[in-house]
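Chains A and B, in that order, are what the protein sequence lines are. Residue 137 in our numbering sits at position 137 of the first sequence, with consecutive numbering throughout. Residue 1001 in our numbering sits at position 1 of the second sequence, with consecutive numbering throughout. Every residue gets a Cβ at the ideal spot worked out from N, C-alpha and C, and that includes glycine. Since the structure is predicted, the reported quantities are computational estimates derived from the model, not experimental observations. The structure appears right after this line, and notes come after that.
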Amino acid sequence: MNIFRLTGDLTHLMSIIVLLLKIHTIKSCAGISLKTQELYALVFATRYLDIFTTYISLYNTVMKLIFLGTSFSIVWYMRRHKTVRLSYDKNNDTFRHYFLVLPCFLLALVLNNRFTVREVLWTFSLYLEAVAIIPQLVLLQRSKNVDNLTGNYVFFLGAYRGFYLINWIYRYFTENHYRRWITWMAGIVQTALYVDFFYYYFKSWKNNEKLKLPA
Amino acid sequence: VEDVDLKDEL
């Protein structure tokens, strides 16, 4: 474990806490893409298959349970909760996220480190996570004004993988037998997708104005 | 050398 990865995990946790706070306290999911939440639940379900078979550390297991639990409960809230579901912006959250699932799965079948069920699903979860934010970014562009909690949620979600990139560079230089170009490639694509969001996020923060993504 | 299995990360 290094400081970059720990910061990354805590930033990721922070994004989920911000989202749960928004949904649980103000009982609203306005501006949040259900498609992205469903993709993330799928990412965790396919990545943490080994949660009960491989024990790495208490931290690792606890965090996996938190990510699995929160991602599925957020999907449940947005689909089933009587009040929250009313604020779901169904008309704007129309990105066909199945268009993302299939190519990621096909790519994982072709481009993987080992052709086993677990490894292919794990690779699939990496590729899917890289593009899972797209429905949310599309929804942000369509939403007139983006509220602070939603903006902060997307910011923390984007920042966490950026810390992971630094962690991979750090591990590359400190553990000489460590290289995973598939993970790096997916991580770079994932972080690159946030670049324009980061630009508008910092601009709105600097000028102290409402966050607005150009359509 | 076999790649370190990255499964120790989240």
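The alpha carbon of residue 87/A has as its nearest neighbour, out of 69/A, 215/A, 29/A and 136/A, the alpha carbon of 29/A. Every unbroken stretch of the alpha helix (DSSP H) spanning 4 or more residues and falling wholly within the region 34 to 80 of chain A is given here in chain order: 34 to 47 and 58 to 80. Against chain B, a Cβ distance below 7 Å from residue 16/A picks out nothing, because the smallest value is about 12 Å. Inside the region 102 to 188 of chain A, DSSP marks whole alpha helix (DSSP H) runs of 4 or more residues at positions 117 to 131, 134 to 142 and 148 to 174, from first to last along the chain. For residue 199/A, the enclosing alpha helix (DSSP H) has its first and last residue at 195 to 206. Contact annotation for residue 46/A against chain B: no contact, minimum CB-CB distance about 13 Å [criterion: below 9 Å]. Around the beta-carbon of residue 11/A, 16 or more other beta-carbon atoms lie within 10 Å, marking it buried. Annotation for residue 18/A: the continuous alpha helix (DSSP H) segment containing it runs 3 to 25. For residue 211/A, the secondary structure class from DSSP, reduced to helix, strand or coil, is strand. Taking C-alpha positions only, residue 150/A is separated from residue 200/A by approximately 14 Å. Taking 8 Å as the cut-off, the Cβ atoms of residue 1009/B and residue 79/A do not count as close. Secondary structure at residue 83/A: coil, using DSSP grouped into helix, strand and coil. Cβ atoms of residue 120/A and residue 107/A stay farther apart than 8 Å, at about 10 Å.
Spanning the alpha carbons of residue 48/A and residue 122/A requires a straight line of approximately 8 Å. Separation of residue 214/A and residue 139/A (C-alpha to C-alpha, rounded to the nearest whole angstrom) is 12 Å.
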